[in-house]
Amino acid sequence: MSHLLGTPSLPVKKPKTSRACDACRRKKVKCDGALPACSHCATSGLDCTFSYKPKKRGPSPSLQKILEGRVERLE
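The numbering of the sequence shown is UniProt numbering, which starts it at 1 and goes up by one.
Here it is in structure tokens:
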């Protein structure tokens, strides 16, 4: 009932998408991730596709060699 007494309510946050569609990624604009088409693709008349595969991250090859060298010295 406190919301009825005039206390300010928190702003409603939009759900965050984990990744942008191909068109938004190419244009470097914020993608809302709506289905079947995001708002940018819907207004532009574009096909809204998600074919981008994120790169697997890991240590760079040079860092990996440095760390392997440290392990060898410790053994």
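Even glycine gets a Cβ: it sits at the ideal position worked out from N, Cα and C. Keep in mind the model is a prediction, meaning the values are calculated, not measured.
Review point. If we call anything under 8 Å between Cβ atoms a contact, is Thr43 one with Cys21?
Key: Contact: no.
Point to revise | Cys24 versus Ser18: straight-line alpha-carbon distance, rounded | key: When rounded, the distance between both Cα atoms is 13 Å.
**Study point:** Nonlocal neighbours in the same chain, by C-beta distance under 6 Å from Asp32, ignoring five residues either side
**Key:** Close CB contacts of Asp32 within its chain, under the 6 Å cut and outside five residues either way in sequence, are with Cys38 and Ser39 (chain order).
Review point. So, helix, strand or coil for Asp32, using DSSP?
Key: Look at Asp32 here: in three-state DSSP terms it is coil, with no helix or strand label.
Exercise for review: Tell me whether Ser62 sits in a helix, a strand or coil according to DSSP, three-state version.
Suggested key: The answer is helix: DSSP assigns Ser62 an H, G or I state.
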